[in-house]
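Here the structure is laid out as structure tokens; the discussion comes afterwards.
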Amino acid sequence: YSGTLETKWSIYLDGGTDDLRFTANTPDQTGDEKLRITSNGRLLTSGQTTSVADASNLHAHIQSHSADGNALSIGRYSANAYDPYISFFKSRNATIGSNGTIVQDGDTLGTTNYYGATGSAWDHAAYHQVKVDGTPGASNDMPTEFVWYNQADGQQHPAHTMSLRASGDLEVKTGNVVI
Numbered sequence: 020y021s022g023t024l025e026t027k028w029s030i031y032l033d034g035g036t037d038d039l040r041f042t043a044n045t046p047d048q049t050g051d052e053k054l055r056i057t058s059n060g061r062l063l064t065s066g067q068t069t070s071v072a073d074a075s076n077l078h079a080h081i082q083s084h085s086a087d088g089n090a091l092s093i094g095r096y097s098a099n100a101y102d103p104y105i106s107f108f109k110s111r112n113a114t115i116g117s118n119g120t121i122v123q124d125g126d127t128l129g130t131t132n133y134y135g136a137t138g139s140a141w142d143h144a145a146y147h148q149v150k151v152d153g154t155p156g157a158s159n160d161m162p163t164e165f166v167w168y169n170q171a172d173g174q175q176h177p178a179h180t181m182s183l184r185a186s187g188d189l190e191v192k193t194g195n196v197v198i
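In the numbering used here, the protein residues as written are 20 to 198.
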């Protein structure tokens with residue numbers, strides 16, 4: 020199927036890959052591809068046909084060749100004090116949306132990864148995680164710690180360098196504390 024919106028946009032199903040493609044600037048499938056939903060459910064932007072780094076685990080990709088197209092912007096425009104936010108959810112239940120199975124001490128609630136190009140591959144340079152740091156309670160008690168990992172010069176993988184524990188203690192695992 021191919022449909023055209025105002026002769027500037029085209030939406031079509033790629034018969035070779037079964038991907039759904041959205042193109043702009045021409046009334047046919049040869050236009051500038053802006054968005055693709057792959058047959059396995061991944062969302063790609065800016066004409067990318069594949070993702071970088073750990074493509075097997077990512078389901079949405081924002082990639083670009085220009086400085087103004089490779090960012091995610093989240094805004095909130097309202098006459099109040101509420102902010103925009105990103106939420107991470109973790110449950111030990113296998114049903115999506117279920118919160119009926121409590122997480123346990125040591126479970127990771129969310130991770131943010133950072134990669135840099137080495138000239139031949141993507142190197143996992145750093146990441147930070149939020150982990151359960153104690154025993155969660157059923158009445159909104161979720162002790163957590165922030166954990167930072169980074170890669171020193173000459174290392175092959177990020178190492179655990181610092182934690183802010185549920186107790187409020189700041190632990191520096193490697194290096195010197197410089198204030």
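Don't be surprised by glycine CBs; every beta carbon is placed ideally from N, CA and C. What you are looking at is a predicted structure, and each value in this text was computed from that prediction instead of being measured.
Span separating the alpha-carbon of residue i from that of residue j
i, j, result
"residue 104", "residue 95", "9 Å"
"residue 188", "residue 173", "29 Å"
"residue 119", "residue 158", "13 Å"
"residue 57", "residue 137", "28 Å"
"residue 132", "residue 107", "14 Å"
"residue 109", "residue 182", "20 Å"
Spatially closest choice to residue i from the options, by CA coordinates
i, options, result
"residue 43", "169, 37 and 54", "54"
"residue 127", "59, 111 and 56", "111"
"residue 160", "31, 190, 142 and 123", "123"
For residue i, three-class secondary structure by DSSP
i, result
"residue 192", "coil"
"residue 101", "coil"
"residue 73", "Residue confidence is low: residue 73 scores 48 on pLDDT, short of 50, so the model does not pin down where it sits. No coordinate-derived value is stated."
"residue 115", "coil"
"residue 29", "strand"
"residue 170", "coil"
The beta strand (DSSP E) enclosing residue i, as first and last residue numbers
i, result
"residue 122", "From DSSP, residue 122 is part of no beta strand (DSSP E); its letter is neither H nor E."
"residue 176", "It is not in any beta strand (DSSP E) - residue 176 carries neither H nor E in the DSSP assignment."
"residue 152", "It is not in any beta strand (DSSP E) - residue 152 carries neither H nor E in the DSSP assignment."
"residue 40", "39 to 43"
"residue 55", "51 to 56"
Worksheet item: Is the region 163 to 170 touching the region 142 to 154, taking contact as three or more C-beta pairs under 8 Å?
Response: They touch, by the three-pair rule.
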